[in-house]
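Asks: Protein sequences appear in the order of chains A and B. In terms of the working numbering, the first sequence opens at residue 285 and continues consecutively. In terms of the working numbering, the second sequence opens at residue 285 and continues consecutively. My questions all concern the structure below.
There are 2 protein chains.
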Amino acid sequence: MSATDHLPTPGQGLIGWGGMLDARERVSAQLHFTAELQPPGMLHARLLRSVWPHARITHIDVSRARDLPGVAAVVTGQDVLARPGVQATFGPILRDQPLLAFDKVRFVGDPLVAVAAEDLDTAQEALDLVDVEYAELPAVFDTDTALAEGAPVLHDEKPRSGPTPGDVILHRDASHHSNVCNYFRLRHGDVEAGFRAADHVFEDQFTSPAIEHVPLETHACVATLDGDSLTVWATTQTPHNLRAQLAEVFGLPLSRVRVVVPRLGGAFGAKCYTKIEPLTAFLALVTRRPVRLVLTREEQAVTLTKHAVTIHMKTGVRRDGTLVARQSTCHFNTGAYADIGPRLIKNGGYGTAGPYHIPHVWVDSFAVYTNLPPAGAFRGYGAPQGAWAYESQMDLIAERLDLDPVELRCRNLLRDGQQFATGETVHDVHFADLLTRAVHAVGWDPMAAPVREGTKVRAFGAACALKGAVTPSTSTATAKLNDDGSLDILTSSVEMGQGLQTAMAIIAARRMGVPLERIHVSEVDTQVTPYDQQTSSSRSTHAMGSAVALALDDIRDQLLDLGANQLEVDRADLEVADGQVRVKGAIDRALGLSEVVRTARRGNLLGSGTFQVEGGLDPDTGQGIATVHWHQAAGAAEVEVDLETGQVRVVRYEGAVYAGQVINPVQAELQTEGSITFGVGQALFEEMVYDAGQLQNGNLGEYMLPSIKDLPAIGVMLVEHDPSRADEMADVHGLGETSLPPVAPAIGNAVYRATGVRIRDLPITPEKVLRGLRDQPPSPSGRGLGVPSPSGRGLGEG
Amino acid sequence: MSATDHLPTPGQGLIGWGGMLDARERVSAQLHFTAELQPPGMLHARLLRSVWPHARITHIDVSRARDLPGVAAVVTGQDVLARPGVQATFGPILRDQPLLAFDKVRFVGDPLVAVAAEDLDTAQEALDLVDVEYAELPAVFDTDTALAEGAPVLHDEKPRSGPTPGDVILHRDASHHSNVCNYFRLRHGDVEAGFRAADHVFEDQFTSPAIEHVPLETHACVATLDGDSLTVWATTQTPHNLRAQLAEVFGLPLSRVRVVVPRLGGAFGAKCYTKIEPLTAFLALVTRRPVRLVLTREEQAVTLTKHAVTIHMKTGVRRDGTLVARQSTCHFNTGAYADIGPRLIKNGGYGTAGPYHIPHVWVDSFAVYTNLPPAGAFRGYGAPQGAWAYESQMDLIAERLDLDPVELRCRNLLRDGQQFATGETVHDVHFADLLTRAVHAVGWDPMAAPVREGTKVRAFGAACALKGAVTPSTSTATAKLNDDGSLDILTSSVEMGQGLQTAMAIIAARRMGVPLERIHVSEVDTQVTPYDQQTSSSRSTHAMGSAVALALDDIRDQLLDLGANQLEVDRADLEVADGQVRVKGAIDRALGLSEVVRTARRGNLLGSGTFQVEGGLDPDTGQGIATVHWHQAAGAAEVEVDLETGQVRVVRYEGAVYAGQVINPVQAELQTEGSITFGVGQALFEEMVYDAGQLQNGNLGEYMLPSIKDLPAIGVMLVEHDPSRADEMADVHGLGETSLPPVAPAIGNAVYRATGVRIRDLPITPEKVLRGLRDQPPSPSGRGLGVPSPSGRGLGEG
């Protein structure tokens, strides 16, 4: 028996542990997070933030704050500007975000002054002693106003752009004397010809609001100059990108910047790219002491949001429901600073074509600066906003053509060998299968009418969606086979509660025949763990898992060489299996892995593997390879609407997702449940409410997340590929976000079927439903307040 | 200009920085050490230690201590024994040392009880509340008594031995109902025939006392169970060995034990192998909280010492001074627990043959248990004790044969192609050259008499020595070439102030043409840095440096492949030089390293290299390969002895050392100066004084280290090999200890030449000199109190 009672009993499996190797530590508060780190001599930082959405800074007086005992440093944007060798701005694509605002502030919450002090109370007290004088400027909060002629422009000068990662192209017209931050376009086929060939052309507009990510752990950073290196412990999903950004800001080689990432307490995209780390590092540089900055919940809310989007969608369709052309215009409200908005509009843009075969597609997708907090990556990365539009419109089209909405979809869903809007031919797609399964699982009888009981009506709705994974991309893993046969796996992929470390351990255990409990997967430390592009885009199990498999194949090669030497047989006669190197077909001629390494006196065997996928889109046409493979999902909802209160309850939700090859069944299911839960919140509750740029619900008392009582009965179907395929890793599809995009439109479509009220602007609040019911004209189709039409129209009758 | 003013200016070189990349941080207190670490929720530990040298523990009452508020745990040896899955003892070769004494105590200072509390004061207060009852046992303190018939035996049962590292063989008679811990023997030639063939056979006995290592940083350890891993921050020179030991003690796979080694504040062998780490980890296991244990200076003194040794040396020599046979019997006082004593006696044993060609050698070398603190690795690893014996005896022989001592040595020093006592043929040896250089540099005129001025006499003495490096051995390095062309070097070699990280950076800079300031060398983290056997034995610059070079060669291979692809030329036409991949002879067709990595979109290139040396000695004969290469040094001292006070002052010391290839000239010189400084302390001052097993001088007020005023003018000669050799790494010789062994005998020989007093027992204190002068019979040769004989006798006259 081991002394440590915290380890899973060998052979016990992971199901009892919530599918995670560290589940017991997670639920017993034994894990530690960045906000708890405390290097010797550490100072505490607090930030003063703008109270105006747009204003010129005319004067800052920090003298009283600096004089306060216990204050080590008070710095302003001007102090950053004045520091030789420091770049005053950062950003993953456009360097448009200042460490501290130095000329003007651009949103309510824009950091102005930073204090580092012996304790948090002193830091806060110092902030209270800072006097700031502003000259208020006119502000813009929505994309229409921001794009209007003569609108106040947020960024007077074209921000510096660095080498753009991946295939992000800054459009030549962007960011220059306008609030267009970036622009993506896609031209596939001849959209005008398509519309001419269509029997009907429908135009609709849909909006999604800004919402919060709400990771339980807010952003935290500890920075220290340790000897010759800047070390930053950071809550980041993009450690190597952060390392590069810090190196750029401070003029250091990458080898002198160390980014360590302890486990994250959730992320959901909020922790992609650089946030508070350069500023924390700057305070460490100024004070020559370690500095810790932890954001409050209120600060977290104004650090990054999901993009609010307005999508105008024009779709041409034949009488039989065949889609022939689509033109979509997307206005992504990217807030005051670009963050990853310039790239997100690409995914959000091409995604509006949906999982359908449409011969003619035209997309214009804009990231627009406004005086709101920056928007950026958010679980789904633009796909949910698109799905809300196209899947709501699909039901509208079905109704207009008097077709069954499921059949309409099935008629148009992409099939293997067809072209997507980016011009790439799709393979291994399963949309129709997924949709059929979801609809079937939820018990939707297309012939049955909505059921009314008292004031409550129940009905069904469905949706499907596709989502790309970031492409091109690169992941590298290394592995150490220790001389007791245990394995250390080194990656720069971030464990953020999604079970990354467990997934990598399972892949390694299968690959080498080493028991799970003898495998350890590293945390991220960019000085020692190899390159990984990012932990986002549902890519890690596939991409980093493949890299881990390659690293172990490298070790396997060495084991075969050593084994051939030690067993004195031909290498070709050996195999590595069940934790042994053995002669094929002669189980008595075998060496344990430990024995091989010990005999070789190597201490450990090292292996490495790099997994790369290629692709990218042409900047003028949006044609090319958008993704290494398509994330595919469908969902069906049963909702109950109270016609008296307008309240919507999701009774049941069935999600079907293409997983290709499931690595960790428990986690795959829980991830999908999590996506659906997110979707329910976004469908019914979540919205950041601003009044003249001032966030009105920046705390969890007022920001409405779904509670456990708001959740439906959730069913999850994980669809796998033929398991006999040679290399399981090639089939693995990420599913961390895949099931999210269909949720809101499936619910919206069900609400419509229950009430005849079509909500185009998320979330579907009781007020909007009631208003819809009230404003509803008596409808010839019989829909209307309390008179739901029979469902099933069109199915077999269209 | 960079923002961080702590970096050396590019091109500035290292000389202004004391030869170390982190020199400025070192002298400005910006480096942090293990004792300063403070994980969240950390407890502080203190130890109760035995007041008896040998006693049975009859009763321990910890109840009052446990009840003290703020105390998290009070544990005894019985608590360790009772913990399922925990091994109660440890040790690198013999598992004979308890985490806490559980049956009896074996030296004054043996830990008995450990407390973990909220603060140090509470921990200390709790210790004061512990009542221990002992039954005293007879004790042994010196090897003669310990080996005598009927002596009390320290270890009643044969300790468990694990897999012995390297070629350590536990002699079958050792550790079994006797105090012989281990026994090494060497049989080379026919020593009896050799003595018969000799014209003279001289027998002498020499002793060296136990001394302290005195690293400025005492032992410190922070242990925590972080999720599924035991993490230990430790002051250790042997991180992978410690990892294996912790895995064994706690029944964990190696992958679940993480040993992190921040920079050490000196080590000198004190931090080899496991010390306080299992106990600290045990407290973390019991309390489920991080625990820190930092030893006081007094505790450090009883944790590990240099071996006190008695060497009986019998040497047969021809009339002309040719050595023909030597028999040495070495009794190493290894203290209460074996530590690495069982292996050190091998090096200490074969080393007594000295750097001489002796056809017939017979060595018996014993590690003997006594009731003193454990002895183990100490700079020189047994070589200084041997050199004190054989180099003192060489001068005695010279005098007896009326030969010049330098000429006597030169006649016998090993030359290329001759056999050493282990039977191996030596190559690349330079002893005569080194000795000649040192004697010449110190200005020793063999024809001149000692100079007397008033009560002070000046004279010269010389000595040389050889020392092996641990063999076989293995080091692995990995390297990451980042996409800005900077390099991360990953090793498990420990920076302990010796400049390891700078040396690795220099090797990497030369190998890849990358500027020094763009290279970072990792600290040790066994979960991510690859295997290294140990940072000791002066092996790291050679062994790990070679591994780093191999890792970079691996990267170079990849660069050539990528470059061939990117430049569309044949790989064979390319070279990697000056930080570029370029077509040979066409400097305009070149890609920067950064460009190659970026174009490949790999994030970084990974390389790894393993450097192994093979060898080992036959356990019955001591014949084989003792070392990958011989560390070679000579030194010459000029001393001034005050005949009235007996005080010896070393006026000048010239050390010549074979460096093969110098990597860092500044550090190579400083390392050699450091060895000489150590030697002066050991020659004149240092000694642990015990009274019935109780250390009398366990603090730096009473333990006499040399002060800056005690040091001579020091000259250093670094002798290099032909620099045109193809691979510089093959020539690198470690020199971290090499110059230490000759110092004490050179000084002892000089004192003899000045006074006629032959000191055989270190240190050479004024009391011993005065006693020698007083006891000196009027000598026919004219030597004696105040009547130094003319020197130079024998040189050309013998």
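Every residue, glycine too, gets a C-beta built ideally from N, C-alpha and C.
Between the beta-carbon of residue 916/A and the beta-carbon of residue 750/A, is there less than 8 Å?
Replies: Start at 1 with the first residue of the first sequence, and residue 916/A comes out as number 632. Start at 1 with the first residue of the first sequence, and residue 750/A comes out as number 466. Yes, Cβ-Cβ distance for residue 916/A and residue 750/A is below 8 Å.
Asks: Within 8 Å (strictly less), CB to CB, does residue 764/A reach chain B?
Replies: Taking the first residue of the first sequence as position 1, residue 764/A is located at position 480. It does: the Cβ of residue 764/A has a partner Cβ on chain B nearer than 8 Å.
Asks: Say whether chain B places a C-beta atom closer than 8 Å to the C-beta of residue 303/A.
Replies: As a first step, residue 303/A must be located in the first sequence, where it is residue number 19. Cβ-Cβ to chain B under 8 Å: no for residue 303/A.
Asks: Quick check on residue 750/B: does DSSP put it in helix, strand or coil?
Replies: Numbered from 1 along the second sequence, position 466 holds the residue referred to as residue 750/B. Strand at residue 750/B.
Asks: Counting Cβ pairs closer than 8 Å, one from the segment 368 to 382 of chain B and one from the segment 416 to 433 of chain B, do we hit at least three?
Replies: Flag = no, the segment 368 to 382 of chain B and the segment 416 to 433 of chain B do not touch.
Asks: Out of 524/B, 990/B and 1014/B, which has the shortest C-alpha to C-alpha gap to residue 556/B?
Replies: If you number the second sequence from 1, residue 556/B lands on position 272. Of the candidates 524/B, 990/B and 1014/B, the one whose C-alpha sits nearest the C-alpha of residue 556/B is 524/B.
Asks: Shorter than 8 Å from the beta carbon of residue 896/A to some beta carbon of chain B?
Replies: Numbered from its first residue, the first sequence carries residue 896/A at position 612. Yes, because at least one Cβ of chain B sits closer than 8 Å to the Cβ of residue 896/A.
Asks: For residue 579/B, I'd like the list of residues in its chain whose CB is within less than 6 Å of its CB, leaving aside the five on either flank, ordered along the chain.
Replies: Translated into the one-based positions of the second sequence, residue 579/B becomes position 295. Closer than 6 Å at Cβ, skipping near neighbours: 502 and 503.
Asks: Exposed or buried, which one is residue 459/A when buried takes at least 16 other CB atoms within 10 Å?
Replies: As a position in the first sequence, residue 459/A is number 175, starting the count at 1. Confidence in residue 459/A is poor, its pLDDT being 46 and thus under 50, which makes the residue's placement unreliable; the coordinate value appears in the next sentence. So residue 459/A ends up on the buried side.
Asks: Under 8 Å Cβ-Cβ, which residues of chain A neighbour residue 814/B?
Replies: Numbered from its first residue, the second sequence carries residue 814/B at position 530. Neighbours of residue 814/B on chain A, chain order: 764, 887, 888 and 890.
Asks: Within 10 Å of its beta-carbon, does residue 731/A have 16 or more other beta-carbons around it, so buried, or fewer, so exposed?
Replies: For the purposes of this step, residue 731/A is taken as the residue at position 447 of the first sequence. It counts as exposed.
Asks: Say whether chain A places a C-beta atom closer than 8 Å to the C-beta of residue 328/B.
Replies: For the purposes of this step, residue 328/B is taken as the residue at position 44 of the second sequence. Not an interface residue.
Asks: Give the residues of chain B in contact with residue 531/A, contact being defined as C-beta atoms less than 8 Å apart.
Replies: Translated into the one-based positions of the first sequence, residue 531/A becomes position 247. Ordered by position in chain B, the residues that pass the 8 Å Cβ test against residue 531/A are 768.
Asks: Just checking: is the beta-carbon of residue 826/B within a distance shorter than 8 Å of some beta-carbon in chain A?
Replies: Mapped onto the second sequence, residue 826/B falls at position 542. No - not a single Cβ of chain A is within 8 Å of the one on residue 826/B.
Asks: Express the C-alpha separation of residue 951/A and residue 303/A in angstroms, rounding to a whole number.
Replies: As a working note, residue 303/A is residue 19 in the first sequence. As a working note, residue 951/A is residue 667 in the first sequence. Going by the C-alpha atoms only, they are around 5 Å apart.
Asks: Where does residue 303/B sit, in a helix, a strand or coil, going by DSSP?
Replies: Working through the second sequence from its first residue, we reach residue 303/B at position 19. Of the three classes helix, strand and coil, the one that applies to residue 303/B here is coil, per DSSP.
Asks: Using only the alpha-carbon positions, how far apart do residue 584/B and residue 548/B sit?
Replies: Taking the first residue of the second sequence as position 1, residue 584/B is located at position 300. Taking the first residue of the second sequence as position 1, residue 548/B is located at position 264. The straight-line gap from Cα to Cα measures roughly 15 Å.
Asks: Less than 7 Å between the CB of residue 486/A and some heavy atom of the ligand ATP, yes or no?
Replies: Ligands in the displayed structure: none, and consequently the ligand ATP is not present.
Asks: With distances taken Cα to Cα, identify the nearest neighbour of residue 575/B among 700/B, 973/B, 488/B and 561/B.
Replies: Residue mapping note: residue 575/B aligns to position 291 of the second sequence, counting from 1. When each option's Cα is compared against that of residue 575/B, the closest is 561/B.
Asks: Look at the alpha carbon of residue 899/A and the alpha carbon of residue 803/A, and state the distance between them as a whole number of angstroms.
Replies: Within the first sequence, numbered from 1, the residue matching residue 899/A stands at position 615. Within the first sequence, numbered from 1, the residue matching residue 803/A stands at position 519. Approximately 33 Å, taken between the alpha carbons.
Asks: Just verifying my parser: in three-state terms, what is the DSSP assignment at residue 524/A?
Replies: Translated into the one-based positions of the first sequence, residue 524/A becomes position 240. Here residue 524/A sits in helix by DSSP.
Asks: What is the DSSP secondary structure of residue 1098/A, counted as helix, strand or coil?
Replies: What the structure shows of chain A is the stretch from 285 to 1082, and residue 1098/A is not part of that stretch, so it cannot be assessed.
Asks: Of all Cβ atoms in chain A, is any one closer than 8 Å to the Cβ of residue 379/B?
Replies: Residue 379/B sits at position 95 when you count from the first residue of the second sequence. Output row for residue 379/B: interface = no.
Asks: Leaving out five residues on either side along the sequence, give the residues of the same chain with a beta carbon under 6 Å from the beta carbon of residue 544/B.
Replies: Stepping through the second sequence from its first residue, residue 544/B is reached at position 260. Excluding positions up to five away in sequence, the list reads 517 and 809.
Asks: Can you pull the chain B neighbours of residue 803/A, defined as C-beta to C-beta under 7 Å?
Replies: Against the first sequence, residue 803/A aligns to sequence position 519. In chain order: 539.
Asks: What span of residues does the alpha helix (DSSP H) with residue 395/B cover, start to end?
Replies: Position 111 of the second sequence, counted from the first residue, corresponds to residue 395/B. Careful: residue 395/B lies outside any alpha helix (DSSP H), inside the beta strand (DSSP E) at 395 to 401.
Asks: Applying the criterion that 16 or more other CB atoms from any shown protein chain within 10 Å of the CB defines a buried residue, is residue 312/A buried or exposed?
Replies: As a first step, residue 312/A must be located in the first sequence, where it is residue number 28. Exposed.
Asks: If we ignore side chains and look at the alpha-carbon of each, how far apart do residue 896/B and residue 842/A end up?
Replies: For this step, residue 896/B is matched to residue 612 along the second sequence. For this step, residue 842/A is matched to residue 558 along the first sequence. Rounded to whole angstroms, residue 896/B to residue 842/A spans 16 Å at the Cα level.
Asks: At a cut of 8 Å, does the segment 957 to 975 of chain A reach the segment 755 to 770 of chain A through at least three beta carbon pairs?
Replies: Output reads no: the segment 755 to 770 of chain A does not touch the segment 957 to 975 of chain A.
Asks: Mind pulling the chain B residues with CB within less than 8 Å of residue 809/A?
Replies: Numbered from 1 along the first sequence, position 525 holds the residue referred to as residue 809/A. Those within 8 Å of residue 809/A in chain B are 809 and 812.
Asks: Under a three-way DSSP split, which group does residue 794/A fall into?
Replies: Position 510 of the first sequence holds residue 794/A. Helix, per DSSP.
Asks: Please give me, in chain order, every unbroken run of the alpha helix (DSSP H) with length at least 4 that falls completely inside the segment 702 to 790 of chain B.
Replies: Segments of the alpha helix (DSSP H) lying fully in the segment 702 to 790 of chain B: 715 to 726.
Asks: Measuring alpha carbon to alpha carbon, tell me which residue in 868/B, 932/B and 811/B is nearest residue 851/B.
Replies: In the second sequence, counting from the first residue as 1, residue 851/B sits at position 567. Residue 868/B is the option with its Cα nearest to residue 851/B.
Asks: Can you confirm whether residue 334/B, when its beta carbon is compared against all beta carbons of chain A, has any partner nearer than 8 Å?
Replies: Your numbering for residue 334/B matches position 50 in the second sequence. Chain A, which has no Cβ nearer than 8 Å to the Cβ of residue 334/B, makes this no.
Asks: If we define contact as Cβ-Cβ less than 8 Å, is residue 879/A a contact residue for chain B?
Replies: The count along the first sequence starts at 1 and reaches residue 879/A at position 595. With 8 Å as the cut-off, residue 879/A does not count as an interface residue toward chain B.
Asks: Excluding the five sequence neighbours on either side, which residues of its own chain have a C-beta within less than 7 Å of the C-beta of residue 1012/A, listed in chain order?
Replies: Stepping through the first sequence from its first residue, residue 1012/A is reached at position 728. Excluding residues within five positions, the ones whose Cβ falls inside 7 Å are 945.
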